[in-house]
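For the sequence shown, this note's numbering assigns the number 8 to the initial residue and increments by one for each residue that follows.
Here's the structure, in structure tokens; my notes come after.
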Amino acid sequence: MADQQALDEVVRFTSDLIRIDTTNRGGGDCQERPAAEYAAEQLAGAGLQPMMLERTKGRTNVVARIEGTDPSADALLVHGHLDVVPAEAADWSVHPFSGEIRDGVVWGRGAVDMKNMDAMILAVVRGWARQGVRPRRDLVIAFTADEEASAVDGSGFLADEHPELFEGCTEGVSESGAFTFHDGAGRQIYPIAAGERGTGWLKLTARGRAGHGSKVNKENAVTRLAAAVTRIGEHEWPLRLTPTVRAALAELAALYGIETDLTDVDRLLEKLGPAAKLVEATVRNSANPTMLEAGYKLNVIPGEAVAYVDGRYLPGGEDEFRATLDLLTGPDVDWEFSHREVALQAPVDSPTYARMRAAVEEFAPEGHVVPYCMSGGTDAKQFSRLGITGYGFAPLKLPEGFDYQALFHGVDERVPVEALHFGVRVLDRFLRTA
Numbered sequence: 008m009a010d011q012q013a014l015d016e017v018v019r020f021t022s023d024l025i026r027i028d029t030t031n032r033g034g035g036d037c038q039e040r041p042a043a044e045y046a047a048e049q050l051a052g053a054g055l056q057p058m059m060l061e062r063t064k065g066r067t068n069v070v071a072r073i074e075g076t077d078p079s080a081d082a083l084l085v086h087g088h089l090d091v092v093p094a095e096a097a098d099w100s101v102h103p104f105s106g107e108i109r110d111g112v113v114w115g116r117g118a119v120d121m122k123n124m125d126a127m128i129l130a131v132v133r134g135w136a137r138q139g140v141r142p143r144r145d146l147v148i149a150f151t152a153d154e155e156a157s158a159v160d161g162s163g164f165l166a167d168e169h170p171e172l173f174e175g176c177t178e179g180v181s182e183s184g185a186f187t188f189h190d191g192a193g194r195q196i197y198p199i200a201a202g203e204r205g206t207g208w209l210k211l212t213a214r215g216r217a218g219h220g221s222k223v224n225k226e227n228a229v230t231r232l233a234a235a236v237t238r239i240g241e242h243e244w245p246l247r248l249t250p251t252v253r254a255a256l257a258e259l260a261a262l263y264g265i266e267t268d269l270t271d272v273d274r275l276l277e278k279l280g281p282a283a284k285l286v287e288a289t290v291r292n293s294a295n296p297t298m299l300e301a302g303y304k305l306n307v308i309p310g311e312a313v314a315y316v317d318g319r320y321l322p323g324g325e326d327e328f329r330a331t332l333d334l335l336t337g338p339d340v341d342w343e344f345s346h347r348e349v350a351l352q353a354p355v356d357s358p359t360y361a362r363m364r365a366a367v368e369e370f371a372p373e374g375h376v377v378p379y380c381m382s383g384g385t386d387a388k389q390f391s392r393l394g395i396t397g398y399g400f401a402p403l404k405l406p407e408g409f410d411y412q413a414l415f416h417g418v419d420e421r422v423p424v425e426a427l428h429f430g431v432r433v434l435d436r437f438l439r440t441a
């Protein structure tokens with residue numbers, strides 16, 4: 008059982024890590040090293056021997072291993088990223104890198120994504136050192152750089168260049184799961200992630216004939232690009248149900264006493280009400296145009312125009328995604344992946360999933376645990392190259408009205424102290440016996 012010091016430390020660690028500005032603006036513009044040094048210091052204080060590894064100077068990762076009591080058991084990877092997305096201080100109620108603790112809430116960028124989980128891991132490990140606890144299976148603890156961009160300096164680097172550090176790992180746990188979802192009707196749902204859509208960030212390039220803006224031009228690159236972007240933005244992707252999403256729909260339908268009619272999933276989602284938010288983004292592939300670049304002067308028709316699209320595809324859906332983009336872009340626009348990562352699927356009938364469920368239910372007996380698929384992605388994608396099956400399990404007990412998912416990359420990101428205490432207790436319970 009997590010002791011009082013662990014509960015105190017998780018709050019302090021969360022606040023301290025938030026105050027270390029690890030903003031990842033993309034293109035290599037980030038320095039995770041100060042946060043990595045902080046994490047390594049806490050791990051060393053627990054008697055571990057953390058390794059600090061860099062592909063690029065200042066883009067630091069930390070890895071440590073805890074020996075388990077059962078040498079025949081497979082190892083478990085427990086990982087969290089150290090970088091955060093940008094935050095505009097003028098938009099916030101408190102400074103985003105203050106780590107301020109006010110009215111029982113820790114404020115700042117990274118409070119939910121995901122310095123809270125980093126702090127929970129550190130607090131649990133240090134608590135074990137004080138109590139003389141060893142987990143059943145080996146645990147590999149990893150704090151990574153660059154998750155909020157390409158992960159090339161983080162989990163991608165670790166998986167490609169240091170696979171030996173993860174020897175024996177068959178499963179992993181990280182962010183975005185086991186948080187309280189309030190359905191507005193008194194039910195508390197705890198979704199555990201058992202899958203992720205794949206990442207297909209696209210660059211579209213339209214080429215045409217450059218010319219004077221006052222002349223007729225049937226080969227206008229901007230027009231060609233705009234037409235393709237409109238087709239992509241308006242495309243209605245067909246329904247595709249993965250095993251994880253099917254399991255999620257079945258458990259949610261049972262919770263609400265609704266027949267699981269998978270012949271009309273859109274109607275089923277309507278019947279689920281607010282709980283449909285846990286599923287609706289993962290029943291189809293998606294592609295959302297996000298950026299446009301063209302021209303250098305108002306009266307000059309450019310010979311090239313570029314757009315960027317955030318594409319996501321379900322497990323087993325990449326071929327369909329590619330073929331659809333070929334059709335939607337048409338003959339006058341080329342497309343390529345600017346960043347691509349695989350979709351993931353994890354079993355919901357595994358012993359590890361059952362232990363995660365049991366740990367949540369012990370400390371939230373009023374809750375209902377269900378599986379779900381993440382609409383986005385995590386470092387689990389890169390670690391899957393090593394044969395590691397990934398789950399999302401960063402437990403938080405949240406009060407009603409606390410819109411956890413809206414705070415990811417949002418303004419006034421924050422986490423309640425009591426949520427952190429719950430997370431430490433649940434994570435401690437799970438990792439001891441996982």
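We put the beta carbon where it would ideally sit given N, CA and C, even for glycine.
Q: Could you tell me which of GLY417, THR237, GLY280 and ILE199 sits nearest to VAL340, measuring between CA atoms?
A: The sequence position of residue 340 within the sequence shown is 333, counting from 1. Cα-wise, what sits closest to VAL340 is THR237.
**Q.** Where THR331 sits in the DSSP three-state scheme
**A.** Position 324 of the sequence shown holds residue 331. Looking at THR331 - three-state DSSP - the assignment turns out to be helix.
(Q) Short of 6 Å in beta carbon distance, which residues of its chain neighbour ALA260, apart from the five on each side in sequence? Order them along the chain. (A) Taking the sequence shown and counting its residues from 1, one reaches residue 260 at position 253. Within the same chain, THR267 come within 6 Å of ALA260 by CB-CB distance, once the 5 residues on both sides are set aside.
**Q.** Cβ-Cβ distance between ILE148 and MET363 below 8 Å
**A.** Your numbering for residue 148 matches position 141 in the sequence shown. Your numbering for residue 363 matches position 356 in the sequence shown. Cβ distance not < 8 Å, so ILE148 and MET363 don't count as in contact.
Q) Which word fits MET298, buried or exposed, when buried means at least 16 other C-beta atoms lie within 10 angstroms of its C-beta? A) The count along the sequence shown starts at 1 and reaches residue 298 at position 291. Exposed: under 16 other Cβ atoms inside 10 Å.
Q) For LEU351, which residues of its own chain have a beta-carbon under 7 Å away from its beta-carbon, when the five flanking residues on both sides are left out? A) Reading the sequence shown from its first residue, position 344 is the one you call residue 351. Closer than 7 Å at the Cβ level, and outside the excluded window around LEU351, lie GLY202, GLU203, PRO322, ALA387, LYS388, SER391 and GLY397.
Q. Looking at ARG66 and ASP160, is the spacing between their C-beta atoms short of 8 Å?
A. Position 153 of the sequence shown, counted from the first residue, corresponds to residue 160. Position 59 of the sequence shown, counted from the first residue, corresponds to residue 66. Closer than 8 Å, so yes.
(Q) Out of PRO103, ASP125 and ASP410, which one is the CA nearest neighbour of PRO281? (A) Taking the first residue of the sequence shown as position 1, residue 281 is located at position 274. Among PRO103, ASP125 and ASP410, the Cα nearest to that of PRO281 is on ASP410.
Q: Can you grab the Cα-Cα spacing for the pair ASN306 / GLN38, in whole Å?
A: In the sequence shown, the residue the question calls residue 306 occupies position 299. In the sequence shown, the residue the question calls residue 38 occupies position 31. Computed Cα separation, rounded: 42 Å.
Q. Using a Cβ-Cβ cut-off of 8 Å (strictly less than) and excluding sequence neighbours within five positions of ALA51, which residues of its own chain qualify?
A. Working through the sequence shown from its first residue, we reach residue 51 at position 44. Result list for ALA51: PRO57, in chain order.
Q: Please name the residue, chosen from GLY205, PRO406 and GLY394, that lies closest to CYS380 on a Cα-to-Cα basis.
A: Start at 1 with the first residue of the sequence shown, and residue 380 comes out as number 373. Minimum Cα distance to CYS380 is reached at GLY205.
Q.
When you compare the CB positions of VAL316 and ILE239, do they come within less than 8 Å of one another, or not?
A. Here residue 316 is taken as the residue at index 309 of the sequence shown, counted from 1. Here residue 239 is taken as the residue at index 232 of the sequence shown, counted from 1. Yes, Cβ-Cβ distance for VAL316 and ILE239 is below 8 Å.
Q: Would you grab the beta carbon distance between PHE415 and GLY207 for me? Rounded to a whole angstrom, and I think it's under 8 Å.
A: The residue you call residue 415 lines up with position 408 of the sequence shown. The residue you call residue 207 lines up with position 200 of the sequence shown. Not quite, the Cβ-Cβ distance comes to about 20 Å (not below 8 Å), so this is no contact.
Q) Should the segment 158-173 be regarded as contacting the segment 42-51, the criterion being three or more beta carbon pairs within less than 8 Å? A) The segment 158-173 vs the segment 42-51: no contact.
Q | Span separating the alpha-carbon of ARG133 from that of ARG62 | A | Locating residue 133 in the sequence shown gives position 126, counting from the first residue. Locating residue 62 in the sequence shown gives position 55, counting from the first residue. Rounded to the nearest angstrom, the two C-alpha atoms are 28 Å apart.
Q: Since I believe ARG329 is in contact with ALA118 (beta carbons under 8 Å), could you give me their beta-carbon distance rounded to a whole number of angstroms?
A: Position 111 of the sequence shown, counted from the first residue, corresponds to residue 118. Position 322 of the sequence shown, counted from the first residue, corresponds to residue 329. About 37 Å separates the two Cβ atoms, so there is no contact after all.
Q. GLU203 lies in the beta strand (DSSP E); which residues open and close that run?
A. The residue you call residue 203 lines up with position 196 of the sequence shown. Its beta strand (DSSP E) spans residues 195-203.
**Q.** Rounded Cβ spacing between TYR197 and ALA371 (contact assumed at less than 8 Å)
**A.** The residue you call residue 197 lines up with position 190 of the sequence shown. The residue you call residue 371 lines up with position 364 of the sequence shown. Contact flag correct, Cβ pair sits at about 6 Å.
Q.
In the DSSP output, which residue or residues are listed as bridge partners for CYS176?
A. In the sequence shown, residue 176 corresponds to position 169, counting from 1. In the DSSP output, where bridge partners are listed per residue, CYS176 has ALA82.
Q) Is the beta carbon of ALA255 sitting closer than 8 Å to the one on VAL367? A) One-based indexing of the sequence shown puts residue 255 at position 248. One-based indexing of the sequence shown puts residue 367 at position 360. No, the pair does not count as a contact, with Cβ atoms beyond the cut-off.
Q: Check whether the Cβ atoms of SER157 and THR385 lie closer than 8 Å to each other.
A: Sequence index remark: in the sequence shown, residue 157 carries index 150 (1-based). Sequence index remark: in the sequence shown, residue 385 carries index 378 (1-based). The answer is no: Cβ separation not under 8 Å.
Q | LEU60 versus HIS86: straight-line alpha-carbon distance, rounded | A | Residue numbering aside, residue 60 sits at position 53 when the sequence shown is read from its first letter. Residue numbering aside, residue 86 sits at position 79 when the sequence shown is read from its first letter. Answer to the nearest angstrom: the Cα atoms are 15 Å apart.
Q: Pull up the DSSP beta-bridge partners for TYR398, would you.
A: Start at 1 with the first residue of the sequence shown, and residue 398 comes out as number 391. In the DSSP output, where bridge partners are listed per residue, TYR398 has VAL180.
Q) Which same chain residues, not among the five before or five after CYS445, have their C-beta less than 6 Å away from its C-beta? A) Limits of the chain in this structure are 8 at one end and 441 at the other, which puts residue 445 out of reach.
**Q.** For GLY374, the three-state DSSP class (helix, strand or coil)
**A.** Position 367 of the sequence shown, counted from the first residue, corresponds to residue 374. Residue state, collapsed to three classes: strand.
Q | Reduced DSSP category for LYS284 - H, G, I as helix; E, B as strand; rest coil | A | Within the sequence shown, numbered from 1, the residue matching residue 284 stands at position 277. LYS284: helix per DSSP, three-state reduction.
Q) Expressed to the nearest angstrom, what Euclidean distance is found between the alpha-carbon atoms of ARG109 and ALA441? A) Counting from one through the sequence shown, the residue named residue 109 turns up at place 102. Counting from one through the sequence shown, the residue named residue 441 turns up at place 434. Going from the Cα of ARG109 to the Cα of ALA441 covers about 34 Å.
Q. So, helix, strand or coil for TRP135, using DSSP?
A. Numbered from 1 along the sequence shown, position 128 holds the residue referred to as residue 135. In the structure shown, TRP135 sits in a helix (DSSP, three-state: H, G or I).
Q) Buried or exposed: where does ASP435 fall if 16 or more other Cβ atoms within 10 Å of its Cβ makes it buried? A) The sequence position of residue 435 within the sequence shown is 428, counting from 1. With 16 or more Cβ atoms within 10 Å of its Cβ, ASP435 is classed as buried.
Q. Does ARG194 come within less than 8 Å of chain D when only Cβ atoms are used?
A. No chain D appears in the structure shown, which is made up of a single protein chain.
Q) Excluding five sequence neighbours on each side, which residues of the same chain lie with their C-beta closer than 6 Å to the C-beta of GLU16? A) Counting from one through the sequence shown, the residue named residue 16 turns up at place 9. The answer, listed in chain order, is ALA130.
**Q.** When GLY383, GLU425, ALA413 and SER382 are compared against ASP402, the one with the closest alpha-carbon
**A.** The residue you call residue 402 lines up with position 395 of the sequence shown. The question names Asp, yet the displayed sequence has Pro at residue 402. Closest option to PRO402, Cα to Cα, is GLU425.
Q: Go ahead and label LYS304 buried or exposed: buried means 16 or more other beta carbons lie within 10 angstroms of its beta carbon, across all protein chains shown.
A: Taking the sequence shown and counting its residues from 1, one reaches residue 304 at position 297. Classification of LYS304: exposed, given that the 10 Å Cβ count is below 16.
Q.
Which residues does DSSP list as the beta-bridge partners of ILE108?
A. As a first step, residue 108 is located in the sequence shown; it is residue number 101 there, counting from the start. VAL113.
Q: Answer with buried or exposed for THR76, where buried requires no fewer than 16 other C-beta atoms within 10 angstroms of its C-beta.
A: In the sequence shown, the residue the question calls residue 76 occupies position 69. Exposed.
Q) Roughly how many angstroms separate the alpha carbons of THR230 and GLN195, rounded to a whole number? A) Looking up residue 230 in the sequence shown gives position 223. Looking up residue 195 in the sequence shown gives position 188. Distance between the alpha carbons of THR230 and GLN195 is about 49 Å.
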